[in-house]
Amino acid sequence: RSLELLFSKYFPPPADLGPPPENYDEEELGTLRADEREALESIYDKLFVEKERNRVWQLKFKIDHLLVHSPSEMKKLAERERQQQEEDRRRKQEELAKKKKAKKEPCWNYAKGKCRYGNRCYYSHGPEESSTSEVAKGEGKKLLDKATEEDPNWFFLEVRFPPGNRYPFERPILLLRTTCPDIPDQLCLRVNRRLVQESIELTRDGMPCIYTVADLLQNDTEIGRFIELDRYQFLDAKRSLFYEPNEDENREGPGGDLPSHHQRGNTGRKTGPRTNMEQVLKEDRNIVRKFLDKQTNAAYREMVKARSNLPAWAKMNEILELLESNQILVISGETGCGKSTQVPQFLLDDWLLQSSRLEGNAKLRHVEIVCTQPRRLSAIGVAERVAEERIEKVGNTVGYQIRLETRTSSSTRLTFCTTGILMRRLQSDPLLSSVTHVIVDEVHERSEESDFLLLILKQLLEKRSDLKVILMSATLNSNLFASYFGDIPVLDIPGRTFPVEQLFLEDILERSGFVLEPDSAYCRKLRKADHALLVQELEYADLQASEVPPARSIRDENLKLTDFFARYADYSKQTCKTLYLMDPLRINPELIERVLTYIVDDPSHGWPQEGSILIFLPGLAEIQTVHESLTSSRLFGPRGERFVLIPLHSMLTNEEQALVFRKAPKGKRKIVLSTNIAETSITIDDCVFVIDCGQMKEKHFDSNRNMESLEMVWVSRANALQRKGRAGRVMPGVCIHLYTRPRFTNHILGQPVPEIHRIPLEPLLLRIKTLPTLQERPITAVLGSTIEPPSEENIEAAKKRLVDVGALDLDEQLTALGHHLAALPVDVRIGKLMLFGAIFQCLDSVLTIAAILSYKSPFVAPFAKRDEADNRKRQLAIANSDHLTMLNAYRRWLVAAQRSRYAGQCFAEENYLSSKTLSTIGEMKYQFLELLVSIGFVPIDLSGRGRTKRQQVDDLAALTGAELNVHGDNNRLLAAILCAALYPNVAKVLTPEKSFVSGAGGAVPYLPQASDLRFKTRGDGFVSLHPSSVNAQVGFFASPFLVYQEKVKTSRIFIRETTMVPLLPMVLFSGSDLQIELHGGDFVILLGDGWLMLQTPSHQVAEMMKFLRLELVKMLELKISDPLLNLLHHEHGKRIIATIVHLISKE
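Residue numbers for the sequence shown follow the UniProt record's numbering, so the first one is 1 and each next one is one higher.
This is the structure:
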């Protein structure tokens, strides 16, 4: 079918050619065709072959008059003529010599077996030499002639009769080809065109044409004259597919040939040790001297006295003794015991005291303590607190290091850092050669990085017997860590919190008298039959209750009404009824308001009438619902003037979050509505009451569907105890859990699900392959050695995704791209985005997008002004893209900020942008630029740009130069690069069928609205655009494809951060295999095994796209394997880039 379509496009029938007659049936046509076949067989004998019965015939010819167009054959002919002339001349000379030479008599001695004269003998030693030579040459000529006959240059005329063809009343498909390699394709196509013309004229009258066409082909006069006069040209198959730059673009300048490679850039960072050991020891002595001087400082002595009141202080000597006799120790401590601030100081002070007792020139032992924290805020906060307790500034003996910020010096001996910082240090220093102590704090949180760090430390302890490790954990699971390292000692430190009264749902229902009506929206779902009997059942259920309570394993939601009376026998009939009716999975604002009223207005409980109230809710939507409910309340709303409602969520502005730490106005109490961010990251000092709704939103990753979901899950007992601990910081407190005691005791998990079991594993796999101690081991074996290994299914799925993106090969080795992606501390897709931005000369724009995606959106939505903020965001929207909208907002802020800092702040406030986030994005861009320079992708010198310069307004566009940013404003190219980075995260836009609506002037086309569009991804079917997207209210997309940053499942599946991708970039930059097929007479490009289909005007265009994509892949592989290669001076690479940019820009 494809051949038939190509034939019709290359050799279209004339416009006046009518349809073939219908008065002949298939049998009659078959008889006519069979008669012609027999005639051809008798004429051409073995040179005619029927390759497929009644479908394909082939004739074979020697056509010398066409071989004159073959340079190689003409050269061979000339050589044969020359050899023939040489042969004739030589033969004549031999004949003359033969006549002159007399015949010699035979030598009798030679005939007897030996002649002493040899070649000098007068007589003949054999037959005449000329005769032998002549015979040999004659035989050689015969062999040459035979070889020529067996291997000629053949021409083949193939005749095809497609299904439904009515030959001889319809032309057949004629194809001329040759075995001669250098006959021009154009010549065969032109001759074929003449044969087709002849077949058309003959079949007009229903005459068989094959013999006539074959005879015409062998007619040297007719074909020669046609070739001479014909001026028709087919498209040259060898013509360049690439855009040819004009002279200005192609000019190389006065320097002649430009260098093929860049000079490696310079980040200005020191790669070696910061100082030599002699200087370190000198600094150590100086630190010891200052410590001794500090002992007489009154402020320091007062601080030591305050520290001594902490529970951890009493365990100081025990900790030091255990660490002296053991290489690793687990310290388990409750909230408020002081372990985070005191244990690192115990180690530092012990070293200082021991060093101060050394006499004379005794050798001083060096110490370097690293304490990891799970969050940036924790690292900064603990470092600042410890420095304050030591009466010094951060950056002296105590410092911190987090992403984008370091406060350390040559005097720093105790460094607080995030876990990720220590992991990156391990890549360059696998043995942590200068570190003497590693403390892993909050290890019970089970982050992916901390679990992996434990694996590395376990192996490192075997190689470094002098290294000491302390794991600090909450009380519930300390034995898990102890057993992982081989039954090491565990030290428990009691907490210092005040006693906290703990109530559960059944308790607070009993005390507050809250009643849930059967028709409430917060009731569990009941069948219609249940509603009819419900009133009667509620009236008599207590009388029918069993005396034996149900099994503990049965959850409340699975109990019958009578079972509630048995399980909660000590509670009132009304409490049991409410427990039965309540939907435990729904957050009930009415219940929360009733509990708050009981806390603040019921004197019977005897609780404190002061202190803040902290309410734990699952997410922002629940916070908003409860906030609106309380705001409309007479008691808790603004009209009551007794309470201040403060929402707390990571997506809120810094200013809104800062309200939590401010004291409430006189006469008012704070009510904080928070997610689990207040469990550990933020401490509310005046908190006395905690209301725990018992649920939280947790990110999970489905490796089969390649989708993240934000799922509502029950808190663990560890989470519940952390929440309870928030209430007893300053005085005796109360914690009210809005779930039952049996659920807490029997059904919720003891610990949270480790992060390594529920997040994508790709970054971890890349990290394994960059660590010298692990890179040669199989990935599955490495992760199988973690404290609680992820499933093999998840590991294999992550490996497959890395292979698909080109970071790993099938042998689990890093590719050139994988090495670069592993060197970039970002998601692999964002890393790929940065590399493509450097290659396609839009570096500054892509670094901005990468920084935003790695950090967070600069847009903020104040709680009370969300609609206004959304409108401002849509005013900045461009190119149907969230990514480019954020880029546009950043650029416009930057223009204002470059005028003055005040102008930048005004622009940010007017457009609901976070100035701090925008500044952080600028800092991250510089860090990303340093990384690209360090791996050779960007050839610039950053030395001399110190920290003070980096704190100024972003100037990376000027720093990187015009050459690297020439396409920075090309939104279509940026969308293409986003496609390359985010593929296969593609959604199809499905529009409704065209319809019409009646209007004043008649029927007019109906223009689809945003609500009419549907979006579909390959793995999850129909999805929705997240409401925060600028595309969420768009009713028309010029291209039917969107790429997205992530999929999130809440109430339904949403795609976030979307960008519309034009059709051509989807073909060129998608990562899947490309296939070309014929569908319904049209050529179609298939991507992703046919999930994406794009129609092309012709087969030639489709093949051109395929070829161009292959050339792009080769060029990218060349650059990635050789980062210093200058593609702008690389002739082929320059043309590839120019062609692609031209096509995408002019599509």
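Virtual Cβ for every residue (Gly too), placed ideally from N, Cα, C.
Do the CB positions of PHE1015 and ALA1038 come within less than 7 Å of each other?
no
Please confirm whether ILE493 and LYS315 have their CB atoms less than 7 Å apart.
yes
Measuring straight from C-alpha to C-alpha, what distance separates VAL644 and LEU596?
13 Å
Alpha carbon to alpha carbon, how far is ILE779 from THR578? Give it in angstroms, no decimals.
52 Å
Since LYS1049 sits in a beta bridge, which residues does DSSP pair it with?
ILE1053
How about the stretch 417-435 and the stretch 337-353: do they share at least three Cβ pairs that are nearer than 8 Å?
no
Please list the terminal residues of the continuous alpha helix (DSSP H) segment that includes HIS820.
816-823
Contact between the stretch 865-872 and the stretch 931-941 is defined here as three or more beta-carbon pairs at a separation below 8 Å; is this criterion met?
no
Look at the alpha carbon of VAL196 and the alpha carbon of ARG204, and state the distance between them as a whole number of angstroms.
12 Å
Which whole runs of the alpha helix (DSSP H) in the stretch 405-432 are 4 residues long or more, in chain order?
419-428
Would you call VAL1141 buried or exposed, if buried means 16 or more other Cβ atoms sit within 10 Å of its Cβ?
buried
Using 8 Å as the threshold, is the stretch 447-463 in touch with the stretch 409-416, meaning 3 or more CB pairs across them?
no
What runs of the beta strand (DSSP E), each 3 residues or longer, lie entirely inside the stretch 324-377?
328-333 and 369-373
Please report how far the alpha carbon of VAL730 lies from the alpha carbon of CYS906, in whole angstroms.
40 Å
Return yes when the Cβ of CYS693 is within less than 7 Å of the Cβ of PHE616, no when it is not.
yes
Would you call the stretch 1123-1133 and the stretch 1030-1045 touching, i.e. three or more CB-CB distances under 8 Å?
no
Within 10 angstroms of the Cβ of VAL443, are there 16 or more other Cβ atoms? Answer buried if so, exposed if not.
buried
Residue from ARG231, LYS1119 and ALA214 with nearest C-alpha to GLN186:
ARG231
Can you say whether TRP108 is buried or exposed, counting buried as having 16 or more other CB atoms within 10 angstroms of its CB?
exposed
Sequence ranges, alpha helix (DSSP H) only - wholly within the stretch 701-759, length at least 4
717-725
Between which residues of its own chain and residue 1175 is the CB-CB distance below 7 Å, once the five residues before and five after are set aside?
The requested residue 1175 does not occur in the structure, where the chain is confined to residues 1 to 1147.
Which residue from PHE161, LYS114, ASP64 and TYR123 puts its Cα closest to that of GLU50?
PHE161
Could you tell me whether the stretch 28-39 touches the stretch 155-172, using the rule of 3 or more Cβ pairs below 8 Å?
yes
Do LYS560 and the ligand ZN come close, with the Cβ less than 6 Å from some heavy atom?
In the structure shown, the ligand ZN is absent, as is every other ligand, since no ligand is present at all.
Kindly confirm or deny that the stretch 893-909 and the stretch 990-1010 touch, where touching means at least three C-beta pairs closer than 8 Å.
no
How would you label LEU591, buried or exposed, when you count the other beta carbons within 10 angstroms and need 16 or more for buried?
buried
The beta strand (DSSP E) with LEU1013 in it runs from where to where?
Looking at the DSSP string, LEU1013 is not in any beta strand (DSSP E), and its letter there is neither H nor E.
What does a CB cutoff of less than 6 Å around ALA861 pick up in its chain, not counting 5 residues either side in sequence?
ALA869
Measure the alpha-carbon distance for THR740 versus LEU505 and round it to whole angstroms.
5 Å
Where PRO20 and ARG171 are concerned, what is the direct C-alpha to C-alpha distance, given to the nearest angstrom?
9 Å
If you follow the alpha helix (DSSP H) that GLY999 is in, where does it begin and where does it stop?
Premise fails: GLY999 lies in the beta strand (DSSP E), 996-999, not in any alpha helix (DSSP H).
Do you know whose CA, among ARG390, GLU389 and LEU377, lies nearest TYR400's CA?
LEU377
With a Cβ-Cβ cutoff of 7 Å, do LEU974 and SER845 count as a contact?
yes
Please report how far the alpha carbon of SER546 lies from the alpha carbon of ASN317, in whole angstroms.
57 Å
Using DSSP's beta-bridge definition, name the partner residues of GLU158.
GLN58 and LEU175
Between which two residues does the beta strand (DSSP E) carrying SER447 extend?
Premise fails: SER447 is in no beta strand (DSSP E) and is neither H nor E.
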